[in-house]
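Note that the UniProt record's numbering gives residue 20 to position 20 of the sequence shown, counting from 1, and the numbers run on in steps of one. Just so it is clear, CB atoms sit at the ideal spot from N, CA and C, and this is done for glycine as well. Only a predicted model underlies this, so the values are computations on that prediction, with no experimental measurement involved. Structure first, then comments.
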Amino acid sequence: MRYELHDGRVLTWSLETHVVTHCNLRCVQCCPMSPHLPAWAVEPASLQADLTRLARVLKPNIFKLTGGEPFLHPNLPAVLDAVRASGLCEQVSITTNGLLAASASDAVYERLDRMTLSVYSSAPLPEKSLSRITERCGHHGVHLTVKRIDAFQKITPDEPLATDAEVRDVYARCWLKVRCHLVHQGRFYSCTRPPHVATVLGPSHPEMPALAEVDGVRLDAPDLLERMLGLLERDTPLATCRYCLGASGPWSPHAQLPRAPRA
1 MRYELHDGRV LTWSLETHVV THCNLRCVQC CPMSPHLPAW AVEPASLQAD
51 LTRLARVLKP NIFKLTGGEP FLHPNLPAVL DAVRASGLCE QVSITTNGLL
101 AASASDAVYE RLDRMTLSVY SSAPLPEKSL SRITERCGHH GVHLTVKRID
151 AFQKITPDEP LATDAEVRDV YARCWLKVRC HLVHQGRFYS CTRPPHVATV
201 LGPSHPEMPA LAEVDGVRLD APDLLERMLG LLERDTPLAT CRYCLGASGP
251 WSPHAQLPRA PRA
């Protein structure tokens, strides 16, 4: 993959951030591994600082607020204001399961351009809620995309991939490295997986390197543009790819994990 530059900024389709790591669902094979992560919410000021740095070298078409479930953030309007203030891009979107979106404040809808609503067969959104979300998006001029999802693809292998050939094949076939660029806690990533895979799987695999560091680029790096381009255009797999199936895993009916027992 090769990227075009315009006025010293790399042109990409999208960039996203995990507004929170926790979720009100527990989807099996959740890509950002939310069911297995501690609750965390981004600080708006920290996000604005990260995006302001990135805005000097990156120009995505769309900025996506993802999670976890973004509507669990305690101050989503402030997060959206931070995104706008950074000057990163004009289109701001949110990806949600919708269970909290119908009752969210007008202040959220007023600050959005787009919403992607993932409706899962294993945790269906009530039609009344969908109608209300559709109505509110229409009222506020938010472009709504509804994705009905009845299957999931296995993304986390039972064991690390055994051979370098398997890792190369996963990387070659994976679309995450093109469509799911991520900014998270002071680093840029070419996909959403590195920051959390080590957190969840690291205790079981002591040989695992510090994936969040080796597979990400620090935003305070003096040669940020060159490092970021090197990451985006690399032909060799990430260290994380040994612990990920990318787009190569088998498909199964969508399902929810059992609720974790209360302490």
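Check                                                                                                        : Outcome
Integer Cβ distance of Ile228 from Val57, believed to fall under 8 Å                                         : Note on identity: in this sequence residue 228 is Met, with Ile being the wrong assignment. Confirmed, about 6 Å.
Boundaries (first-last residue) of the alpha helix (DSSP H) holding Tyr189                                   : From DSSP, Tyr189 is part of no alpha helix (DSSP H) but of the beta strand (DSSP E) over 187-189.
For Leu65, the first and last residue of its enclosing beta strand (DSSP E)                                  : 58-66
Element boundaries [beta strand (DSSP E), containing Gln256]                                                 : Neither: Gln256 is in no beta strand (DSSP E) and is coded neither H nor E.
CB-CB length for Ala151 against Ser252, believed under 8 Å                                                   : 6 Å
Short Cβ contact (8 Å threshold) for Pro194 with Leu176                                                      : no
Ile155, buried or exposed, once every other Cβ within 10 Å from all chains shown has been counted against 16 : buried
Exposure label - residue 285; buried when at least 16 CB within 10 Å                                         : Not covered by the structure: residue 285. The range shown for the chain is 1 to 263.
Per DSSP, cross-strand counterpart(s) of Ser14                                                               : Ile62
Three-way DSSP call (helix, strand, coil) for Leu100 in this model                                           : coil
Cβ shell of His36 (< 7 Å), same chain only, five flanking positions each side left out                       : Val200
Pairwise C-alpha distance: Lys147 and Ala102                                                                 : 16 Å
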